[in-house]
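Heads up, the thing below is written out as C-alpha cells.
Protein chains: 2
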Amino acid sequence: MSRTRFRVTVDLAAITVHDDTLKILLVERGEEPFGWALPGGHLERGEDLDEAAARELIEETGLDLDRAHLEQLRAYGHPDRDPREHVVTICYLAFVPDAATPVAGDDARAAAWLPVAPILNGRQELAFDHNQIVADAVNRARAKLESTTLATRFCSPEFTVTELRQVYEIIWGQPLDQRNFSRKITGTEAALVPTGQQTTRNGGRPAALYRPGPATTLHPAILRSEATELGVPRR
Amino acid sequence: MSRTRFRVTVDLAAITVHDDTLKILLVERGEEPFGWALPGGHLERGEDLDEAAARELIEETGLDLDRAHLEQLRAYGHPDRDPREHVVTICYLAFVPDAATPVAGDDARAAAWLPVAPILNGRQELAFDHNQIVADAVNRARAKLESTTLATRFCSPEFTVTELRQVYEIIWGQPLDQRNFSRKITGTEAALVPTGQQTTRNGGRPAALYRPGPATTLHPAILRSEATELGVPRR
DNA sequence: CCAAAAGTGTTGTCCCTACACCCATGC
DNA sequence: GCATGGGTGTAGGGACAACACTTTTGG
Chain D
407 MSRTRFRVTV DLAAITVHDD TLKILLVERG EEPFGWALPG GHLERGEDLD
457 EAAARELIEE TGLDLDRAHL EQLRAYGHPD RDPREHVVTI CYLAFVPDAA
507 TPVAGDDARA AAWLPVAPIL NGRQELAFDH NQIVADAVNR ARAKLESTTL
557 ATRFCSPEFT VTELRQVYEI IWGQPLDQRN FSRKITGTEA ALVPTGQQTT
607 RNGGRPAALY RPGPATTLHP AILRSEATEL GVPRR
Chain V
407 MSRTRFRVTV DLAAITVHDD TLKILLVERG EEPFGWALPG GHLERGEDLD
457 EAAARELIEE TGLDLDRAHL EQLRAYGHPD RDPREHVVTI CYLAFVPDAA
507 TPVAGDDARA AAWLPVAPIL NGRQELAFDH NQIVADAVNR ARAKLESTTL
557 ATRFCSPEFT VTELRQVYEI IWGQPLDQRN FSRKITGTEA ALVPTGQQTT
607 RNGGRPAALY RPGPATTLHP AILRSEATEL GVPRR
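Those protein sequences? They're chains D and V, same order as listed.
Note that my numbering has the first sequence beginning at 407, numbered continuously upward.
Note that my numbering has the second sequence beginning at 407, numbered continuously upward.
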C-alpha cells in the first residue's frame, strides 16, 4: 500500500471589518513564491482539519473560538497551484471581531489586515491561487449573512443595531434601511439579547446594546438585492 | 522540506432518484474495513480534485458531465476516520439521472444504488465516517434544490413538470402543491425550455415536455417548510 | 361517462419596501 | 435650539399557500 502522498496544508481566510472596510488577514512570505498570501500551515499527523484551522487562527490572531466563527470553506488541489509541488489545501473561513485584531507575528513573517477590494478586482495579486480563494471566501461570507446571525462575530461583545447593520452594509457593499433592518433583527426570536444598557458612542439618541443571542439561523433570511462592489455607497 | 505527507482520496456521494426513492451509489469493500462505502480513489499526482472526482464518476456510472452535476461537498480529515492510517478525503456530491444508472462494476467490487433513508436514521452502518458524509451530502442536496435548477439533473432529458416535482418531493420528503409548483417553475425565466411535445406516460391529460433551460439559479428560491424524513408522505 | 392527471383563476395572508414621523441625546 | 442618530407606524405591493375549477386524455 505504498501510495502517492501529498503535502496537505490548512489555510485560513480570516476576515474582519475595520475602518468601514472588509479586510483579510495576510502574511508576507519569506520564500518562493514571494508576496502576500493567506496564513496557513501543514496538517499534522493525528490532527483533525478543524483542529488545525483553530490552531492556525489562534497562532495568527490570538483569538479563541468563542469570539470568532470558523468553518471549512473548501479544498483546493490544482496540481500547479503551488509551483514547487502538488499541494492540497483545505481552506477555512473565519469571522473575526474588529476589536480583537492583534496580529501576532508569531513566526518571522509580517502579517497584516489588508482590504479585500483590491484583491477581488485584481489590483492586488496574491501568491498561489489565493486570489480565487479570497473571492470564494467573500462570496461565502456574503451568503452566510443572509441566513445566519454570524455577522455578530464581527462586532464587539456588546453592540448596537446600527453597528451590526454597518457590518452588513460593508460586506454586502450596499446600504440597508436602518428602520427595516432594526425591526427585522430585533424581531427575530433569540437573535439578539438586549443587555438593558444603552450607549451614545455613535452620537444622537442613545441606542440599546445587545449581545448575540442563542439563535444562529435567521428565518426568514435577510435578502440582499444583488451582488455589488465592496464598500458602502455612502448616503 | 521533508514534511509529513498524507494519503489523499477523492470520494463520491452520487445520488439519484429511482423508484420514488432517494438512493446513493455504494460499493462493497473487499478489504478492511469491510462493509458498504462511498466509491472513491486516490488522488493522482498532477491531477486536480475536480478531475479526480469526474474520473471517479465516469468509472462508476459511465456518465459524462453533461447529464450529471458534480460539485465539491467538503473535506474530511479526522485522524481516526480510517483505522489504518490518517487519510484526508475530499468528497464530491453528484446528481445523477435515473435513466442512466448502469452500475459499472469496473473493478471487482460490487456496486449498488441503495436507499439513503436507512443510512440517515442509523439503521445501516457504512464504513469509515461515511454515514456522516451521506448526511452532509443529503443536506447539501436539499439546500441546492431550493435555489438552483439542478433537480433537472435527476430527470430524463425530456421531462414533465410533475416528474420534476416528484424529485423535489422525494428529496425533501414533503408533498408540494402541484399547481403552485407548476406556476413557479414554468414562470421562472429560462429555467425550463418547452420542447413543444407532450406525453401521456403519467396518465391523464397530456403534459408538456421540457428540457433544462439555461438558467441555473432560481429567483426567488423555492422554499421548503422544514426538514422532514425522506420519502413522500403519499396523499 | 368516469377516473386521473394537467393546468388556470382567485383570494387571503404574510412579509417586505418605502417612507413619514416622533424620540432622546450632545452641544 | 438644532443636529444627529434611534426607533415606531403605516400604506402599497409582490409572492406565496390554499383551494375551486376547467381541460384533456385513457378506458
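We put the beta carbon where it would ideally sit given N, CA and C, even for glycine.
No experiment lies behind these values; they were computed from the predicted model shown.
Item                                                                                                                    : Value
8 Å Cβ cutoff, leucine 449(V) in contact with chain D                                                                   : yes
Residues near leucine 556(D) in its chain [Cβ-Cβ closer than 8 Å; skip 5 each side]                                     : His475, Phe501, Lys550 and Thr622
Minimum Cβ-Cβ distance from glutamine 580(V) to chain D less than 8 Å                                                   : no
Residue-chain proximity (threonine 472(V), chain D), Cβ-Cβ < 8 Å                                                        : The sequence given here has aspartate at residue 472(V), not threonine. Not closer than 8 Å to any Cβ of chain D, the Cβ of aspartate 472(V) fails to qualify, so no.
CA-to-CA distance, serine 631(V) to tyrosine 574(V), given in whole angstroms                                           : 12 Å
Minimum Cβ-Cβ distance from serine 408(D) to chain V less than 8 Å                                                      : For serine 408(D), the predicted structure reports a pLDDT of 49, less than 50, and the residue's modelled location is therefore unreliable. The matter cannot be settled from this model.
Chain D contacts made by the region 488-500 of chain V, where a contact means CB separation under 7 Å                   : His492, Val494 and Ile496
Beta-bridge pairing of tyrosine 482(D) - partner residues as DSSP gives them                                            : Thr495(D)
Own chain residues within Cβ distance below 7 Å of cysteine 561(D), not counting five before or after                   : Pro503, Glu569, Leu570 and Val573
CA-to-CA distance, tyrosine 616(V) to valine 414(V), given in whole angstroms                                           : 41 Å
Under 7 Å by beta carbon: chain V residues contacting serine 521(D)                                                     : This sequence places proline at residue 521(D); serine is not what is there. Correct list: empty, because the minimum Cβ distance to chain V is about 28 Å.
Aspartate 488(D) to alanine 541(V) span [Cα, whole Å]                                                                   : 33 Å
Straight-line gap, serine 553(V) to arginine 409(V) (C-alpha atoms, nearest Å)                                          : 42 Å
Interface partners of alanine 481(D) on chain V, CB under 8 Å                                                           : Leu455, Gln478, Arg480, Ala481 and Ile496
Three-state secondary structure (DSSP) of proline 639(D)                                                                : Reliability fails at proline 639(D), whose pLDDT of 49 lies under 50, so the model's placement of it is uncertain and no value is given.
Rounded straight-line distance, which links the Cα of alanine 523(V) to that of proline 639(V)                          : Because proline 639(V) sits at a pLDDT of 49, beneath the cut-off of 50, its placement in the model cannot be relied upon, and the following sentence gives the value as read from the coordinates. Whole-angstrom Cα-Cα distance: 14 Å.
Residue from Val493(D), Asp583(D) and Gly609(D) with nearest C-alpha to histidine 448(D)                                : Val493(D)
Bridge partners - proline 521(V), DSSP secondary structure assignment                                                   : Lys429(V)
Cutoff 8 Å: arginine 413(D) Cβ touching any chain V Cβ                                                                  : yes
Three-state class that DSSP yields for glutamate 477(V) in the structure shown                                          : strand
As assigned by DSSP and simplified to three states, the class of valine 502(D)                                          : coil
Chain-ordered chain V contacts of glycine 452(D) [CB-CB under 7 Å]                                                      : Pro485 and His492
Isoleucine 628(V), DSSP secondary structure in three states                                                             : coil
Distance between leucine 432(D) and glutamate 457(V) (C-alpha atoms, nearest Å)                                         : 29 Å
Spatial distance of alanine 420(D) from glutamate 453(D) (CA atoms)                                                     : 21 Å
Member of Arg480(V), Leu444(V) and Asp417(V) whose CA lies at the smallest distance from the CA of phenylalanine 459(V) : The sequence shown places alanine at residue 459(V), not phenylalanine. Out of Arg480(V), Leu444(V) and Asp417(V), Asp417(V) has the C-alpha closest to the C-alpha of alanine 459(V).
Expected contact under 8 Å - CB spacing of glycine 446(V) and arginine 515(V) to nearest Å                              : Between arginine 515(V) and glycine 446(V) the Cβ distance is about 11 Å, and since that is not below 8 Å, they are no contact.
Threonine 676(D), enclosing beta strand (DSSP E) - first and last residue                                               : For chain D, the structure presents residues 407 to 641; residue 676(D) sits outside this window and is missing.
Buried versus exposed, by CB contacts within 10 Å (16 or more), phenylalanine 440(V)                                    : exposed
Leucine 449(V) in three-state terms, based on DSSP                                                                      : coil
Cβ separation of leucine 532(D) and alanine 443(D), assumed to be a contact under 8 Å, to the nearest whole Å           : 6 Å
Beta-bridge pairing of aspartate 417(V) - partner residues as DSSP gives them                                           : Gly446(V) and Cys497(V)
Backbone CA spacing between glycine 610(D) and glutamine 604(D) [nearest angstrom]                                      : 12 Å
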